[in-house]
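Each residue of the sequence shown is one higher than the one before, starting from 1 at the first, in the numbering used here.
All C-beta atoms in this analysis are idealised placements derived from N, C-alpha and C, irrespective of residue type, glycine included.
Accompanying notes for the structure given below.
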Amino acid sequence: MVDANVPDDGEGLTVASDEQSIDADRTWLLSRILLTWAELIVVGLGGAALGGTVSGPPGLIVYLGTVLASVSVLLYNVDQMIQQRLTLVKTN
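Written as structure tokens, this is what we have:
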């Protein structure tokens with residue numbers, strides 16, 4: 001059923017549904033960015049706490065592990081954003 005008050009974009013989709021879809025995409029992106037930020041904070045603080053308790057070569061290993069975990073968090077979240085974007089492109 002088409003609402004007479006909602007304009008049609010000519011492709012059978014209402015402008016309101018397009019706006020809702022854009023809002024949902026922005027909300028998903030914002031939540032993914034905030035989740036990434038929180039994960040990086042947790043990894044960084046955990047690495048700093050563990051690295052502060054050890055010194056010497058084990059400290060270097062902890063530092064390298066923290067860097068590796070941070071890069072992993074970033075790459076995982078970028079991958080999730082790309083997958084979401086590809087899903088949206090396929091459905092449209």
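Measure the C-alpha to C-alpha separation of residue i and residue j and round it to an integer number of angstroms.
i: T91; j: Q84; result: 11 Å
i: L29; j: Y76; result: 14 Å
i: V21; j: S72; result: It is Ser, not Val, that sits at residue 21 in the sequence shown. Roughly 30 Å separates the two Cα atoms.
i: A69; j: D23; result: 31 Å
i: T87; j: G56; result: 47 Å
i: M1; j: A49; result: Because the pLDDT of M1 is 46, which lies under 50, any placement of that residue in the model is unreliable, and the question is left without a value.
Following a CB-centred definition, is residue i positioned closer than 7 Å to any heavy atom of the ligand FAD?
i: G47; result: No copy of the ligand FAD appears in this structure; indeed no ligand is present at all.
Looking only at its chain, what residues have a beta carbon closer than 6 Å to the beta carbon of residue i, apart from the 5 residues adjacent to it on each side?
i: G59; result: G51
Please determine, among the options, the residue with the shortest C-alpha to C-alpha distance to residue i.
i: G65; options: G44, Y76, T87, L34; result: G44
i: A38; options: T53, T87, L74, D79; result: L74
i: V67; options: G47, V78, D23, S21; result: G47
i: L35; options: P57, V78, E19; result: V78
Identify, in the order they occur along the chain, each residue of the same chain with its Cβ nearer than 7 Å to the Cβ of residue i, setting aside the five sequence neighbours on each side.
i: V54; result: V62
i: I41; result: none
Can you list, in chain order, the residues of its chain with a C-beta nearer than 8 Å to that of residue i? Leave out the 5 residues immediately preceding and following it.
i: Q80; result: R32
Practice task
Within the region 26 to 62, note down every full alpha helix (DSSP H) run reaching 4 residues or more, in order along the chain.
Solution key: none
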